[in-house]
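Counting from 1, one number per residue, gives the positions in the sequence shown under UniProt numbering.
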Amino acid sequence: MSDNTSPLESLFASLRLSDDEFTRYQKAIDITYKKPIAPASNPIKVIGYGEDAIAAIKASSADGNAYIEVQWGPIDSMLWIMQRVEEQLRIPLKVWRLAGDGMVLDPGLLVAGHSLFRKKDIELYLVPGNKMQDYMTNNQKVHSWKHLPPGKSDSSDALEKAKAVFHLLGSKESASWDVYYKQRTRADSTFKGMLDQYTGEEMHPLLEQIRAGFLSTLASCNISEEQQHVIADGLVPLRFEVSDHYGDMIDADVMSRIYSPTKPSAVDVYFVYHHVTHYESVEFDCRLMYRIHDPVASDDLAMPHPDEAPRIGFQGWRRAFELGLADLPPGRKWKPVDQMHWGLKQEDIDKIHAALFDTEERSPLKGVSKVDTAKLLMAAVGVPFGVATTEDGSDGQDPMRMATIQWELDHEDWIALNIRKVCGVPLKRDANYKSRSEMEDDEDEDEDEDEDEDSEEEYY
Numbered sequence: 001m002s003d004n005t006s007p008l009e010s011l012f013a014s015l016r017l018s019d020d021e022f023t024r025y026q027k028a029i030d031i032t033y034k035k036p037i038a039p040a041s042n043p044i045k046v047i048g049y050g051e052d053a054i055a056a057i058k059a060s061s062a063d064g065n066a067y068i069e070v071q072w073g074p075i076d077s078m079l080w081i082m083q084r085v086e087e088q089l090r091i092p093l094k095v096w097r098l099a100g101d102g103m104v105l106d107p108g109l110l111v112a113g114h115s116l117f118r119k120k121d122i123e124l125y126l127v128p129g130n131k132m133q134d135y136m137t138n139n140q141k142v143h144s145w146k147h148l149p150p151g152k153s154d155s156s157d158a159l160e161k162a163k164a165v166f167h168l169l170g171s172k173e174s175a176s177w178d179v180y181y182k183q184r185t186r187a188d189s190t191f192k193g194m195l196d197q198y199t200g201e202e203m204h205p206l207l208e209q210i211r212a213g214f215l216s217t218l219a220s221c222n223i224s225e226e227q228q229h230v231i232a233d234g235l236v237p238l239r240f241e242v243s244d245h246y247g248d249m250i251d252a253d254v255m256s257r258i259y260s261p262t263k264p265s266a267v268d269v270y271f272v273y274h275h276v277t278h279y280e281s282v283e284f285d286c287r288l289m290y291r292i293h294d295p296v297a298s299d300d301l302a303m304p305h306p307d308e309a310p311r312i313g314f315q316g317w318r319r320a321f322e323l324g325l326a327d328l329p330p331g332r333k334w335k336p337v338d339q340m341h342w343g344l345k346q347e348d349i350d351k352i353h354a355a356l357f358d359t360e361e362r363s364p365l366k367g368v369s370k371v372d373t374a375k376l377l378m379a380a381v382g383v384p385f386g387v388a389t390t391e392d393g394s395d396g397q398d399p400m401r402m403a404t405i406q407w408e409l410d411h412e413d414w415i416a417l418n419i420r421k422v423c424g425v426p427l428k429r430d431a432n433y434k435s436r437s438e439m440e441d442d443e444d445e446d447e448d449e450d451e452d453e454d455s456e457e458e459y460y
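In structure tokens form, the structure reads like this:
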């Protein structure tokens with residue numbers, strides 16, 4: 001930004017209305033929330049972008065401050081926050097926007113869950129319309145996915161190129177490195193196109209959760225930080241269709257590919273989820289599937305058709321698990337009837353583990369256990385999941401994790417005990433597990449016994 005203010009730039013400060021003009025202006029518009037509902041403890045600090053915006057803010061302050069502070073609440077939209085700024089600024093909001101972290105915030109944005117509003121200190125720029133392009137040119141948010149910069153190699157040997165670009169660990173000669181290199185390069189390019197769609201705005205929370213949850217799962221493994229980053233950079237989301245309602249996930253259709261850092265192989269993970277709560281019933285179905293490419297057979301991505309979901313038993317897809325509720329007529333007598341199917345077997349997790357991390361003695365990734373591998377499959381599609389390996393450990397999603405989406409899975413203990421079973425590390429407590437239907441049957445039996453006792457007392 002230049003210290004020299006042009007006549008065009010000074011137009012913004014000149015738009016400030018007098019008290020009487022602003023009173024008439026307010027009467028002509030609808031101000032929904034002058035005060036936030038359940039205001040947060042940390043106010044928003046608004047500073048000017050450009051000398052003219054700074055001058056306009058100073059003119060609005062009785063003390064000549066170069067900032068405006070406004071309160072906000074968790075159910076606010078940006079429009080309501082802008083209206084509170086407008087009250088102090090007295091410049092109509094149609095000629096300016098608020099921005100931060102390289103993002104110009106749309107007035108229709110609901111702020112709950114947005115990364116800017118998860119910060120302790122919230123500072124936004126007041127950007128005049130004639131400075132918008134300048135702000136975006138110099139500050140536009142660009143997302144990165146990789147943790148390590150790709151190396152370079154002039155070698156014509158596919159393995160040497162793959163070692164340099166992907167930082168491979170303990171790799172050995174194979175005729176499949178050429179197709180591995182070509183396919184993984186194509187996959188990275190495809191995902192970059194998906195990621196570029198979020199330039200200048202916040203990445204979708206589920207993509208954030210996939211990246212953060214996968215790395216967090218790796219951090220619990222007995223491997224170095226560099227090894228964690230090498231494995232994490234092999235995670236490539238390739239299919240991503242989601243819909244939510246005020247932060248609650250309704251539908252998700254996600255597929256990620258995990259490329260091995262030790263051999264020319266990969267594993268696909270597919271997760272489909274549907275959850276809708278009605279007044280007298282609930283619709284719920286989710287399914288986790290996988291397929292193994294050991295080795296990668298072609299440089300083609302072998303993606304399912306966008307309009308078709310992968311099917312168990314076709315094109316190498318296998319079921320890990322499936323959960324849902326029976327499709328029963330809604331009504332006052334409706335009750336959940338669980339449908340639970342576990343497909344992953346011990347030999348399956350052995351094959352997945354071998355495809356990703358190698359099982360030869362030379363493998364540098366012995367610190368990744370089979371339980372870790374199962375957890376990585378789930379994290380790869382946005383379901384970071386804890387599996388206890390001690391009797392006092394906890395299972396399931398971690399509500400304190402860094403991301404925001406909590407799936408309605410209902411049977412997290414069942415998922416965890418089955419993972420332990422196929423990985424050969426069951427806990428004693430697993431033998432005491434009862435499904436929801438079994439617990440309801442026990443409750444019904446207790447009620448029947450109580451009724452029988454009451455009948456006997458009445459008889460005597």
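Where is the CB? At the ideal position from N, CA and C, for every residue including glycine.
Treat the numbers as computed from the prediction; the structure is a model and nothing was measured.
Original post:
Opposite residue 339 in the DSSP bridges: which residues?
Top reply: 324
Original post:
Grouping DSSP H, G and I as helix and E and B as strand, with all else coil, what is residue 243?
Top reply: strand
Original post:
Under 8 Å between the Cβ atoms of residue 242 and residue 206?
Top reply: yes
**OP:** Name the one or two DSSP bridge partners that residue 103 has.
**Re:** 100
**OP:** Could you please give the first and the last residue of the uninterrupted alpha helix (DSSP H) stretch that includes residue 218?
**Re:** 205-219
Subject >> Euclidean distance between Cα positions of residue 194 and residue 367 >> reply: 32 Å
Subject >> Buried/exposed call for residue 24, threshold 16 Cβ in 10 Å >> reply: exposed
**OP:** Have a look at residue 14 and residue 35 and give me their C-alpha separation to the nearest angstrom.
**Re:** 27 Å
Original post:
Thinking C-beta only, is residue 278 closer than 8 Å to residue 251?
Top reply: no
Subject >> Cβ neighbours of residue 378 in the same chain (closer than 6 Å, five flanking residues each side left out) >> reply: 385
Subject >> Rounded straight-line distance, which links the Cα of residue 140 to that of residue 83 >> reply: 24 Å
Original post:
Count the other CB atoms within 10 Å of the CB of residue 37; is the residue buried (16 or more) or exposed (fewer)?
Top reply: exposed
Original post:
Helix, strand or coil: how does DSSP classify residue 174 here?
Top reply: coil
Original post:
Between which two residues does the beta strand (DSSP E) containing residue 277 stretch?
Top reply: 266-277
**OP:** Could you check if residue 127 is buried or exposed, using at least 16 other CB atoms within 10 Å of its CB as the buried criterion?
**Re:** buried
Original post:
Does the Cβ of residue 312 have 16 or more other Cβ atoms within 10 Å, making it buried, or fewer, making it exposed?
Top reply: exposed
**OP:** Could you pull the start and end residues of the alpha helix (DSSP H) that residue 14 belongs to?
**Re:** 11-14
Original post:
Among 415, 383, 289 and 109, which has the Cα closest to the Cα of residue 406?
Top reply: 383
Original post:
Just the Cα atoms here: how many angstroms apart are residue 415 and residue 432?
Top reply: 14 Å
Subject >> Neighbourhood of residue 310 by C-beta, 7 Å cutoff - its chain only, sequence neighbours within 5 removed >> reply: 270, 289, 304 and 317
Original post:
So with Cβ pairs under 8 Å, would you call residue 46 a contact of chain D?
Top reply: In the displayed structure, chain D is absent; only one protein chain is listed.
**OP:** Identify, in the order they occur along the chain, each residue of the same chain with its Cβ nearer than 7 Å to the Cβ of residue 202, setting aside the five sequence neighbours on each side.
**Re:** 103, 114 and 115
Original post:
Taking C-beta to C-beta, are residue 72 and residue 111 nearer than 8 Å?
Top reply: yes
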